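Enquirer: Structure below; questions to follow.
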Amino acid sequence: MKFNIAIDGPSAAGKSTIADMLGKKLNYSHLDTGAMYRCIALAAIVNNVDLTNEEQIVDIIATTKLDMKSDGSIYLNDKLISDEIRSEQISMAASNISKFSKVREALVKMQQDIALNNGYIIDGRDIGTVVLKDAKIKIYLTATSEARGIRRHKQNLAKGFESDLQKIIKDIEIRDYQDMNREHSPLKKADDALELDSSNISIDEVINIIEDYIKSKEDRSIL
Ligand code: DC
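113 is the number that our numbering gives to position 19 of the sequence shown; each next residue is one higher, with no gaps.
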């Protein structure tokens with residue numbers, strides 16, 4: 095029987111890549127909740143909404159159609175925007191609007207409704223602590239800001255984008271601070287999550303560790 099797997103951690107720790115790869119191996123779907131906050135931030139910017147106005151952001155959620163496809167593609171009002179939401183501007187805007195409790199309530203409800211189907215690997219900041227408090231498998235994935243910055247920098251260069259490593263590391267640290275210190279559902283490790291530091295290990299090794307962890311729980315009939 096399928097269950098849900100929660101993966102939390104700071105930005106650029108590799109959560110989405112790992113959730114995607116693990117999902118393909120286990121035949122689970124991947125729900126990237128960060129992408130949902132990013133979509134709302136993009137919709138707010140496109141509509142010239144003040145990002146500090148909670149009520150207006152909530153209105154944007156109510157009037158926006160968000161489609162998170164199981165293949166990872168994302169549609170905002172029927173338009174494919176998977177790449178558009180990955181810019182640094184949207185990263186910071188998503189972090190800014192995610193501090194509002196009403197914004198979180200609306201998106202958490204959507205995430206919980208999707209998770210009712212089971213068979214999801216859901217990554218974000220509050221999955222193990224709020225969205226899926228009862229998830230049997232919870233992973234807290236970290237890495238130093240330098241290691242995360244270097245990975246992001248290499249990805250940018252590989253895509254042919256301009257990239258400034260020191261600025262990337264600084265932006266990661268600003269977002270970490272915002273995400274860990276906000277009043278509502280700050281990023282923190284759930285007490286029952288397995289913590290993995292991926293600074294010095296490869297993505298494949300992280301996936302092997304998670305698979306072994308799931309298997310050890312299955313063997314002990316904990317799942
Ligand atoms: O995972 P990400 O970098 O795409 O997330 C973008 C922002 O969205 C992140 O800085 C904080 C917010 N977020 C959140 O508050 N809760 C989540 N479950 C996922 C993301």
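By construction, the Cβ of each residue, glycine as well, lies at the ideal position given by its N, Cα and C atoms. As the structure is a computational prediction, the values presented were derived from the model and not from experiment.
Is it buried or exposed for K109, if we count other Cβ within 10 angstroms and need 16 for buried?
Expert: It is buried - the Cβ of K109 has at least 16 other Cβ atoms within 10 Å.
Enquirer: Starting from D126 and walking both ways along the alpha helix (DSSP H), at which residues does that stretch end?
Expert: D126 -> not in any alpha helix (DSSP H); beta strand (DSSP E) instead, spanning S123 to D126.
Enquirer: Looking at C-alpha atoms only, which residue of P280, E305, S292 and D258 is the closest neighbour of S192?
Expert: If we check each option's Cα against that of S192, P280 comes out closest.
Enquirer: Can you give me the start and stop residues for the alpha helix (DSSP H) that T157 sits inside?
Expert: Start and end: E148 to T157.
Enquirer: Give me the Cα-Cα distance between K203 and L235, rounded to the nearest whole angstrom.
Expert: The straight-line gap from Cα to Cα measures roughly 24 Å.
Enquirer: Per DSSP, which residues does I99 bridge with? Please list them.
Expert: I99 is bridged to I215 and I231.
Enquirer: Using the C-alpha atoms, what's the distance from D286 back to M95?
Expert: Those two C-alpha atoms are separated by around 21 Å.
Enquirer: How far does the beta strand (DSSP E) with E289 in it reach, from first residue to last?
Expert: Start and end: L288 to D291.
Enquirer: Cβ-heavy atom distance between T111 and the ligand DC below 7 Å?
Expert: Not so, every heavy atom of the ligand DC lies at least 7 Å from the Cβ.
Enquirer: Per DSSP, which residues does L170 bridge with? Please list them.
Expert: Per DSSP, L160 and K173.
Enquirer: Label K309 either buried or exposed according to how many other C-beta atoms from any shown protein chain fall within 10 Å of its C-beta, with 16 as the threshold for buried.
Expert: K309 comes out exposed.
Enquirer: I208 to D228, Cα distance in whole Å?
Expert: Each residue's alpha carbon lies about 15 Å from the other.
Enquirer: Could you give the residue range of the alpha helix (DSSP H) that holds K109?
Expert: Here the alpha helix (DSSP H) through K109 covers K109 to L120.
Enquirer: To which residues does DSSP link T236 through a beta bridge?
Expert: DSSP, once it has assigned bridges, lists D291 as partnering T236.
Enquirer: Could you tell me whether the Cβ atoms of A237 and D291 are closer together than 8 Å?
Expert: Cβ atoms of A237 and D291: closer than 8 Å.
Enquirer: Just the Cα atoms here: how many angstroms apart are I321 and G218?
Expert: Lying outside 95 to 317, the shown extent of the chain, residue 321 is not represented and no answer is given.
Enquirer: Would you call the CB atoms of Y131 and Y214 closer than 8 Å?
Expert: No, the pair does not count as a contact, with Cβ atoms beyond the cut-off.
Enquirer: Taking 7 Å as the cut-off, is the CB of S379 close to at least one heavy atom of the ligand DC?
Expert: Examination of residue 379 is not possible in this model, given that the chain is present from 95 through 317 alone.
Enquirer: Assign K193 to one of three DSSP states: helix, strand, or coil.
Expert: Note: K193 maps to coil in three-state DSSP.
Enquirer: Along the chain, where does the alpha helix (DSSP H) containing K309 start, and where does it finish?
Expert: That run of the alpha helix (DSSP H) goes I297 to D313.
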